[in-house]
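Beneath this line is the structure, given in structure tokens, with notes to follow.
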Amino acid sequence: MFSRIRKPTPTSLFIYALAITVLAFAFKDIRQLAVIGLVNGFLGIYLGLRRYKWIILLLLLSAWGTFLNALAVSNTGPTLYQFGPITIKEGAIHATIAITLRLTSIAGAALIFFALTKPRDIIRYLESELRIPKGISFAIAYAIRLFPLMQKDYREIQIARMERGFRKTPLSPSDIKSILLPLLSLGYERAIWVGIAAELRGFRLRETRKRKPIFGIPEAFILTLLLLQVILALAPYM
Amino acid sequence: MVEKHVSTRKLSLKYTAIDFAMLAIVAVVSGIIFWATWFIYDLGKGIGGPIVARLISYGLWFIGAPLAASLIRKPLAGFLGETLGALVETIIPTIGGFTNLIYGLAQGAASELGYAILGYKRWGVGAGALAGALAAFPCVALDAILFGEIATVEVMTIWLVAAIVSGGVYGAIASMAAKAIRR
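For the record, the sequence lines run as chains A and B.
Residue numbers 1 to 238, in the working numbering, belong to the letters of the first sequence in order.
Residue numbers 239 to 421, in the working numbering, belong to the letters of the second sequence in order.
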């Protein structure tokens, strides 16, 4: 039954993710941040965890880093814990929770967006509905197409390195250089020929098809979700 | 005698499909580097604290502009390289989500300013280092505005200097890489 329901358009999800990002910075109170952090964090992880597992690792690393940062810059107010020479004050805990919730809501909104859209659709909608210039959308489209090609190039470089007796995984700066330079060089050569081919096929003459944004039930649902979060976050202050 | 990386050709704002394809290459490479930099930054912050984190990672987040500008050598290439790199980083995605785009736009504009100051005539290692270093200013400012990373003037100055040094070094490296592949 659910498979028949149309997914929200990339434009509506893009606006939703952008609105959540703005709200994450506009809200200063922890209760407000908790509303958008929990809603988007849970939804984003539920929808995107299978494809983007590393986000969890990044969030945990980030929370730890934020705590250390908060110890350096926001360690004010009454003392909560004392571990030898390290004093943890209320300000550090408050700042850690606030920034982690902020990051969770931003990452969650981005995960919702990317879990429900395909890169190709994103470009199509950005060009036709949000009117980004065709050159930019061509660059983004080509960039997305390049991912698997560059992955293949990377594997070939790895094979060449192994055959020459070097390690497969780059560890030192010279390893990184010896992988990055051929990757860039291959990409550069490819870009020239792709560009020539596009020009010969009339890239300059191509006109962008413009259309009005679609607004149906899935888009109304996304808008309602956004409004609900704003109302819930602002309710205690009304 | 004209220095090798001082351009004498007429300034052109006209972008061809080849330029856009090159921007795509820069966007993918820098987008992947930006994504990996989150791990370097968070590990650096967790182990060495905020100064070490800025020193080892911030410049990596600024390389889109010097890489694109050194390869394409046209006005706005730096701005577009950094912004599209940030867009690819957002698409991958990272925990920065759409914040990456805000940073990309601001850092790209600052780096572009570096090339504009030089009259869009120099695209070498020095120009790359300047572009990378200039991106540190909006980056540290946005850290303060968006993430509340505000400390005393002395500490903020150290953070800024660390970001400038990192940006300068990685900007120079990006320009050298571009020089190596540009035939």
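Don't be surprised by glycine CBs; every beta carbon is placed ideally from N, CA and C.
Note that the coordinates shown come from a computational prediction; the quantities given were computed from them, not determined experimentally.
#1: Any C-beta of chain B sitting closer than 7 Å to the C-beta of A/Ala191?
#2: Within the continuous alpha helix (DSSP H) that includes B/Phe375, where are the two ends?
#3: DSSP on A/Leu38, reduced to helix/strand/coil?
#4: Starting from A/Lys89, follow the alpha helix (DSSP H) in both directions and report where the run begins and ends.
#5: Taking all protein chains shown into account, decide if A/Ala197 is buried (16 or more other Cβ within 10 angstroms of its Cβ) or exposed.
#6: Give the residues of chain A in contact with B/Pro331, contact being defined as C-beta atoms less than 9 Å apart.
#7: Measure the beta-carbon distance from B/Pro331 to A/Tyr46 and round it to whole angstroms, keeping in mind my assumption that it falls under 8 Å.
#8: Starting from the beta carbon of A/Phe215, find every residue of chain B whose beta carbon is closer than 7 Å, and list them in chain order.
#9: Whole angstroms is fine: what's the gap from B/Gly364's alpha carbon to B/Asp381's?
#10: Could you check the C-alpha separation between A/Met1 and A/Arg131 for me, to the nearest Å?
#11: Which residues mark the beginning and the end of the alpha helix (DSSP H) in which A/Thr11 is found?
#12: Residues of chain B with CB under 8 Å from A/Tyr142, in chain order?
#13: Please work out which residues of its chain come closer than 8 Å, Cβ to Cβ, to A/Arg145, disregarding the five sequence neighbours upstream and downstream, and give them in chain order.
#14: Give a yes or no on whether the C-beta atoms belonging to B/Gly357 and B/Glu320 are separated by under 7 Å.
#15: Reducing DSSP to helix, strand and coil, say where A/Met1 ends up.
#16: I need the straight-line Cα distance from A/Arg204 to B/Leu251, nearest angstrom please.
#17: Can you list, in chain order, the residues of its chain whose CB lies under 8 Å from that of B/Ile333, leaving out five sequence neighbours each side?
#18: Per the DSSP calculation, A/Tyr81 is bridged to which residue(s)?
#19: Count the other CB atoms, across all protein chains shown, that sit within 10 Å of the CB of A/Thr21; report buried if there are 16 or more and exposed otherwise.
#20: Under 7 Å between the Cβ atoms of B/Ile256 and A/Gly91?
#21: Just to check my reading of the structure: B/Ser435 and B/Gly323 have Cβ atoms closer than 8 Å, yes? What is that Cβ distance to the nearest angstrom?
#22: Can you check which of these residues, B/Ile278, B/Val326, B/Ala265, is closest to A/Ala110 by C-alpha distance?
#23: Hey, could you find the ends of the alpha helix (DSSP H) A/Ala235 is sitting in?
#24: With DSSP as the reference, label B/Ile388 as helix, strand or coil.
#25: So what's B/Tyr253 in DSSP terms, helix, strand or just coil?
#26: Could you name the residues of chain B that A/Leu181 contacts, counting a contact when the two beta carbons are closer than 7 Å?
#27: In whole angstroms, what separates the C-alpha of A/Leu60 from that of A/Gly41?
#28: When we look at the beta-carbon of B/Ala283 and count the other beta-carbons within 10 Å, is it buried (16 or more) or exposed?
#29: So, for B/Ala315: in the same chain, excluding its five sequence neighbours on each side, which residues have a beta-carbon less than 6 Å away from its beta-carbon?
#30: Taking only the alpha-carbon atoms, compute the straight-line gap between B/Ala415 and A/Leu181 and give it to the nearest angstrom.
#31: Measure the CB-CB distance between A/Ala233 and A/Gln82 and report whether it falls below 7 Å.
#32: Put A/Lys212 into one of helix, strand or coil per three-state DSSP.
#33: Mind listing the chain B neighbours of A/Val194? Cutoff is C-beta to C-beta under 7 Å, in chain order.
#34: Return helix, strand or coil for A/Arg161, following the three-state DSSP convention.
#35: Looking only at C-alpha atoms, which of B/Gly406, B/Trp397, B/Val407, B/Ile411 sits nearest to A/Ala72?
#36: Determine whether the Cβ of A/Ile99 lies closer than 7 Å to any Cβ atom of chain B.
Let's see:
#1: yes
#2: 374-385
#3: helix
#4: Careful: A/Lys89 lies outside any alpha helix (DSSP H), inside the beta strand (DSSP E) at 86-89.
#5: exposed
#6: Gly48, Tyr52, Ile55, Ala107, Ala110, Leu111, Phe113, Phe114
#7: Incorrect: roughly 16 Å between the Cβ atoms, too far for contact.
#8: Under the 7 Å cutoff, chain B gives no residues; its nearest Cβ is about 22 Å from A/Phe215.
#9: 26 Å
#10: Per-residue confidence for A/Met1 stands at a pLDDT of 48, beneath the threshold of 50, marking its modelled position as unreliable; the derived number appears in the next sentence. Taking the straight line from one Cα to the other gives about 34 Å.
#11: 10-26
#12: Phe258, Ala259, Ala262
#13: none
#14: no
#15: Because A/Met1 sits at a pLDDT of 48, beneath the cut-off of 50, its placement in the model cannot be relied upon, and the point is left open.
#16: 15 Å
#17: Trp276
#18: A/Ile88
#19: buried
#20: no
#21: The structure shown does not extend to residue 435 of chain B, since chain B spans only 239 to 421, so no value can be given for it.
#22: B/Val326
#23: Where A/Ala235 is concerned, there is no enclosing alpha helix (DSSP H), given that its DSSP letter is neither H nor E.
#24: coil
#25: coil
#26: Ala415, Ala418, Ile419
#27: 13 Å
#28: First, the residue type needs correcting, since residue 283 of chain B is Lys and not Ala in the sequence shown. When all chains shown are included, B/Lys283 counts as buried.
#29: Ala306, Ala307
#30: 7 Å
#31: no
#32: coil
#33: Ala259
#34: helix
#35: B/Trp397
#36: yes
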